[in-house]
Amino acid sequence: MSILVGKETRLLVQGITGREGAFHTQQMIEYGTNVVAGVTPGKGGEWAVGNTPVFDTVQEAVAATGANTSIIYVPARFAPDAIYEAADAGIELVICITEGIPALDMVQVRAYLDTTNTRLIGPNCPGLITPGEAKVGIMPGHIHTPGTVGIVSRSGTLTYEVVYALTARGIGQSTAVGIGGDPIIGTTFLDVLQMFEDDPGTEQVVLIGEIGGTDEQRAAEFIANHMTKPVTAFIAGQTAPPGRRMGHAGAIISGGEGTAAEKMAALQAAGARVARHPDEIASIVAENISQ
Numbered sequence: 001m002s003i004l005v006g007k008e009t010r011l012l013v014q015g016i017t018g019r020e021g022a023f024h025t026q027q028m029i030e031y032g033t034n035v036v037a038g039v040t041p042g043k044g045g046e047w048a049v050g051n052t053p054v055f056d057t058v059q060e061a062v063a064a065t066g067a068n069t070s071i072i073y074v075p076a077r078f079a080p081d082a083i084y085e086a087a088d089a090g091i092e093l094v095i096c097i098t099e100g101i102p103a104l105d106m107v108q109v110r111a112y113l114d115t116t117n118t119r120l121i122g123p124n125c126p127g128l129i130t131p132g133e134a135k136v137g138i139m140p141g142h143i144h145t146p147g148t149v150g151i152v153s154r155s156g157t158l159t160y161e162v163v164y165a166l167t168a169r170g171i172g173q174s175t176a177v178g179i180g181g182d183p184i185i186g187t188t189f190l191d192v193l194q195m196f197e198d199d200p201g202t203e204q205v206v207l208i209g210e211i212g213g214t215d216e217q218r219a220a221e222f223i224a225n226h227m228t229k230p231v232t233a234f235i236a237g238q239t240a241p242p243g244r245r246m247g248h249a250g251a252i253i254s255g256g257e258g259t260a261a262e263k264m265a266a267l268q269a270a271g272a273r274v275a276r277h278p279d280e281i282a283s284i285v286a287e288n289i290s291q
């Protein structure tokens, strides 16, 4: 089993004819993802990577191909409209890789999506992967292996490090989800934790958070009250000075809130095992398996 993407995914790529869109579409096709269409306004009727048909609108692409998932590789100034268009076309799952979308624009996007049945992953995220079934994003597919550990993370790079360490120990992953590092995102820790808790193919979960905001504290509350599966957690930015932005737009400590220490304490109090360093995560997961 898996969550969100798998063999049933029929992927549409918004921005397929751009440099990033074309490169990563090729990577996804080579991994085995079922890419059924691309969308670039003004290029309808053309063919793109892997003989993929290109349409002018998402609506046309969905009608012709039955696409149920969209991934967005368009510049930040066009990305909100791309999300709106996918939602209006009835796409169930939208993954937005684009970074740099203004927070106020995302507030409006998030409010609109809450009135639809569309789920957004991101923006400013690496996407997600169900090893051996579908890769929808920019993550390196070859380091993943099928298994029973679910991963949810705000950090793409740390996700790759942890996945590589798990695979090196022979520990596979059910689905790895990068939810993005911006202040306003679609799917949250709570959403993904609930999916992993409900997924019979996931036996334990790794949560990778960052400084800034209070999402990890809310995740801790959920873990304490609703999770029956072991959770291993790590908080990035433990040595970051207060007030300094650390890469991701959401990774900033303000007003004394969002520190690594308080997030780690909350997760530990909730019953999660908290790693002090990223390289401890795989060891803790292995211990959970052996218990």
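Number 78 in full-length UniProt numbering belongs to position 78 of the sequence shown; there are no gaps in the numbering.
We treat Cβ as the ideally placed atom computed from N, Cα and C, and that holds for glycine.
Residue-chain proximity (residue i, chain D), Cβ-Cβ < 8 Å
i     : result
Trp47 : Reference to chain D is not applicable here, since this structure consists of a single protein chain.
Spatial neighbours of residue i in its chain, beta-carbon cut-off 8 Å, leaving aside the 5 residues before and after
i      : result
Thr65  : Arg10, Leu12, Val36, Ala37 and Pro53
Ala282 : Val162, Ala165, Leu166, Ala168, Arg169 and Ile171
Asn288 : Gln204, Pro230, Thr232 and Arg273
Ile91  : Leu12, Val58, Val62, Ala67, Asn68, Thr69, Ser70 and Thr118
Thr228 : Glu197
Ile284 : Thr232, Arg273 and Ala275
Gly50  : Thr25, Gln26, Ile29 and Val35
Nearest to residue i (by Cα), restricted to the options the options
i      : options                           : result
Cys125 : Val107, Thr148, Thr145 and Thr159 : Thr159
Gly6   : Thr25, Gly212 and Tyr31           : Tyr31
Pro131 : Gly150, Ala86, Gly15 and Met195   : Gly150
Asp88  : Glu216, Asn225, Gly180 and Leu120 : Leu120
His277 : Ile179, Thr98, Gly156 and Ala236  : Ala236
Arg154 : Pro140, Thr187 and Ile101         : Thr187
Phe222 : Lys43, Leu193, Leu207 and Ile16   : Leu193
Ala261 : Pro183, Gln217, Thr116 and Asp279 : Gln217
Ala25  : Gly213, Gln238, Thr214 and Gly141 : Per the sequence shown, the amino acid found at residue 25 is Thr instead of Ala. For Thr25, the nearest C-alpha among the options comes from Gly141.
Val152 : Ile179, Ala134, Ile138 and Lys135 : Ile179
Asp279 : Ile208, Gly258 and Gly213         : Ile208
Gln238 : His226, Gly258, Asn225 and Ala219 : Gly258
Tyr112 : Gly213, Ile185, Arg19 and Asn225  : Ile185
6 Å Cβ shell around residue i - same chain, five flanking residues per side excluded
i           : result
Val274      : Ala233, Met264, Leu267 and Gln268
Thr145      : Pro131, Thr167 and Gly172
residue 317 : Look at the range of the chain in this structure, 1 to 291, and you will see that residue 317 is not part of it.
Met195      : Ile3
Val109      : Pro80 and Ile83
Gln27       : none
Gly156      : Pro126 and Gly178
Ala270      : Ala220, Ile223 and Ala224
Three-state class that DSSP yields for residue i in the structure shown
i      : result
Gln238 : coil
Arg10  : coil
Ser283 : helix
Leu93  : strand
Pro53  : strand
Gly38  : strand
Ala111 : helix
Pro146 : strand
Ile184 : coil
Thr98  : coil
Ile29  : helix
Ile223 : helix
Ile72  : strand
Ala48  : strand
Val162 : helix
Val5   : coil
Ile171 : coil
Lys43  : coil
Thr157 : helix
Thr259 : coil
Thr228 : coil
Same chain only: Cβ atoms within 7 Å of residue i, ignoring 5 sequence neighbours per side
i      : result
Asp105 : Pro80
Ala82  : Gln14, Ile72 and Val74
Gly201 : Met1, Ser2, Thr148 and Ser174
Beta-bridge pairing of residue i - partner residues as DSSP gives them
i      : result
Gly122 : DSSP lists no partner for Gly122.
Gly209 : Ile235
Gly137 : Gly127
Ala176 : Ile129 and Ile151
Ser290 : BP columns for Ser290 are empty, so no partner.
Gln204 : Val149
Val274 : Ala233
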